[in-house]
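Colleague:
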Ligand SMILES: [Zn+2]
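Residue numbers (this note's numbering): 7 to 289.
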């Protein structure tokens, strides 16, 4: 087990014993509540050597590409021919961080990827002992920028041969959050895995009325009330680190790693996915 991962687990008091692979090509099920649907779903991994990672659900395979996105309201939802899976971003971020692009199928039984503790940590543990297959050739995009509803995702100048980098900033008019920024190259991304989903108490009624957030609990989300967070945070920059995790999850939908420095400012899933789509039209 990677020592950074192990340390994150200790700090987060998360069960690092999620080791579903049994060496026979099929993992055991990982189950849990979906944060938006409130419905219990389960996920397992099926070995598929040399094949691109994809989701199998409701007898349908959904490719992990931006064209599969059918909704980006508060979470990234994928669908194909009537089959759909919501809140894929934290699992996809864990794939990106650990370098998994090929070699297994993600079978999903239910409408939503379980939120687990609200972060990407559980998924990283689930896959930690699996050696990644060689990654697809990275893609070097040319100038691209997307602006949607005050959020921006774009490319910063980038030297050939450098590792991929992301720089993320957020701004929330809340005394416990304010302006935060985080920047890191690939080797730093493990530090994003423990950052949890967050929300605001003042928005909960509206959220529930729209049929979302129905599975939010104290053990899977940080809810900010007027004065501060509902539970102790995992560091003062947990909010921006979570946004960076979300960004990586959505960038996974480009379909292969990037050779680029991606900058995101106050961006939502909608902007991330629009950016990923733009990049796919170049490749
Ligand atoms: Zn998220």
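Ideal Cβ positions, reconstructed from N, Cα and C, are used throughout, including at glycine.
Treat the numbers as computed from the prediction; the structure is a model and nothing was measured.
Any heavy atom of ligand 1 closer than 7 angstroms to the Cβ of residue 251?
Modeller: In this structure, the C-beta of residue 251 approaches ligand 1 to less than 7 angstroms from one of its heavy atoms.
Colleague: Could you please give me the residues that DSSP links to residue 154 through a beta bridge?
Modeller: DSSP, once it has assigned bridges, lists 157 as partnering residue 154.
Colleague: Mapping DSSP to helix, strand and coil, what is residue 43?
Modeller: In the structure shown, residue 43 sits in coil (DSSP, three-state: anything other than H, G, I, E or B).
Colleague: Under three-state DSSP, which class holds residue 86?
Modeller: The DSSP-derived three-state label of residue 86 is strand.
Colleague: With 16 other CB atoms within 10 Å as the buried threshold, where does residue 99 fall?
Modeller: buried
Colleague: Taking DSSP as the reference, what is the three-state secondary structure of residue 49?
Modeller: strand
Colleague: Any contact of the stretch 83-92 with the stretch 163-176, i.e. 3+ C-beta pairs under 8 angstroms?
Modeller: no
Colleague: Might you give, ordered along the chain, the residues of its own chain that have their beta carbon closer than 8 angstroms to the beta carbon of residue 44, omitting 5 neighbours on each side?
Modeller: Excluding its 5 nearest sequence neighbours in each direction, residue 44 has C-beta neighbours in its own chain below 8 angstroms: 220, 221, listed in chain order.
Colleague: If you draw a straight line from the C-alpha of residue 38 to the C-alpha of residue 94, how long is it?
Modeller: 14 angstroms
Colleague: Going by Cα to Cα distance, which pick from 134, 61, 65, 86 is closest to residue 73?
Modeller: Looking at the Cα atoms, 86 is the closest of the given residues.
Colleague: Express the C-alpha separation of residue 232 and residue 52 in angstroms, rounding to a whole number.
Modeller: 45 angstroms
Colleague: By DSSP, does residue 230 sit in helix, in strand, or in coil?
Modeller: strand
Colleague: The alpha helix (DSSP H) that contains residue 103, what's its start and end?
Modeller: 95-104
Colleague: Is residue 113 helix, strand or coil by DSSP?
Modeller: DSSP places residue 113 in the strand class (E or B) of the three-state scheme.
Colleague: State the beta-bridge partners of residue 264 as determined by DSSP.
Modeller: 145
Colleague: Just tell me which of 272, 223, 270 has its CA closest to the CA of residue 120.
Modeller: 223
Colleague: If you count every other CB in all the chains shown that lies within 10 Å of the CB of residue 247, and 16 or more means buried, which is it?
Modeller: buried
Colleague: What distance in whole Å lies between the Cβ atoms of residue 169 and residue 130, which are believed to be in contact at a cut-off of 8 angstroms?
Modeller: About 19 angstroms separates the two Cβ atoms, so there is no contact after all.
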